[in-house]
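*Asks:* Pasting in a structure now, in structure tokens, and then I'll have a few things to ask.
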Amino acid sequence: MNRRNFLRQSCASCALGLAGFSAVLAGCTSKRYIIGNMVKDGISIPLNLLNPADGPMAYYIVRNDKLLFPICVFHTDKKNYTALWMQCAHQGAELQVSGNELVCPAHGSAFDSSGKVTNGPAVNGLRTFPVSVLGDDLFIDLRKRKA
Ligand code: FES
63 MNRRNFLRQS CASCALGLAG FSAVLAGCTS KRYIIGNMVK DGISIPLNLL NPADGPMAYY
123 IVRNDKLLFP ICVFHTDKKN YTALWMQCAH QGAELQVSGN ELVCPAHGSA FDSSGKVTNG
183 PAVNGLRTFP VSVLGDDLFI DLRKRKA
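Residue numbering for the sequence shown is 63 to 209, as defined by the numbering used here.
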């Protein structure tokens with residue numbers, strides 16, 4: 063194989079690999095990050111954006127320009143969801159999802175999918191919101207803070 067053919071074949075392989083990798087990344091990100099629609103009293107998310115094939119404990123990060131922090135929605139089982147404000151209860155850093163919990167990059171606090179503290183220094187749980195299915199949408203009620 064001469065140099066020209068080697069380069070031609072190598073570049074073609076790389077291009078195919080990158081195209082496949084991009085498709086995989088696009089598939090991952092489109093399932094996890096959702097722009098919620100601000101509606102009266104809360105945020106609405108079309109249920110068709112949530113993928114039942116993601117399985118139990120799937121999570122979705124819901125953003126909207128009007129929110130100071132995103133909201134993490136855990137699909138805890140077939141019919142139940144939890145919605146957690148992604149602001150650390152310790153000193154206010156934005157949380158990150160790690161498996162089935164939210165962790166704080168600032169000082170290491172961790173919270174389970176219901177918002178309870180699993181690791182300090184945070185003492186208080188996260189702000190949570192009631193979630194319900196209304197027609198074809200998931201509705202996060204921002205008026206109420208769940209106990
Ligand atoms: S701000 Fe999150 S642990 Fe300190």
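Ideal Cβ positions, reconstructed from N, Cα and C, are used throughout, including at glycine. Fair warning: this is a prediction, and the values are worked out from it, not measured in the lab.
(1) Using DSSP with H/G/I as helix, E/B as strand and the rest coil, what is Arg205?
(2) Which residues bound the beta strand (DSSP E) around Pro108?
(3) Could you tell me which of Asp203, Leu204, Arg205 and Asp199 sits nearest to Asn110, measuring between CA atoms?
(4) Indicate the three-state DSSP secondary structure (helix, strand or coil) for Leu200 in the structure shown.
(5) Please classify Ser31 as buried or exposed, where buried requires at least 16 neighbouring CB atoms within 10 angstroms.
(6) Tell me which residue opens and which closes the beta strand (DSSP E) that Cys166 is part of.
(7) So for Arg94, helix, strand or coil by DSSP?
(8) Name, in chain order, the residues that DSSP records as bridge partners for Asn99.
(9) Assuming Tyr95 and Ile123 form a contact by the criterion Cβ under 8 Å, report the distance between their Cβ atoms to the nearest whole angstrom.
(10) Just to confirm, is the Cβ distance from His152 to Ala120 under 8 Å?
*Replies:* Here's the rundown:
(1) coil
(2) Gly104 to Pro108
(3) Asp199
(4) strand
(5) Because residue 31 is not part of the residues shown, which for the chain are 63 to 209, the question remains open.
(6) Counting along the chain, Cys166 falls outside any beta strand (DSSP E), and DSSP gives it neither H nor E.
(7) helix
(8) Ser106
(9) 5 Å
(10) no
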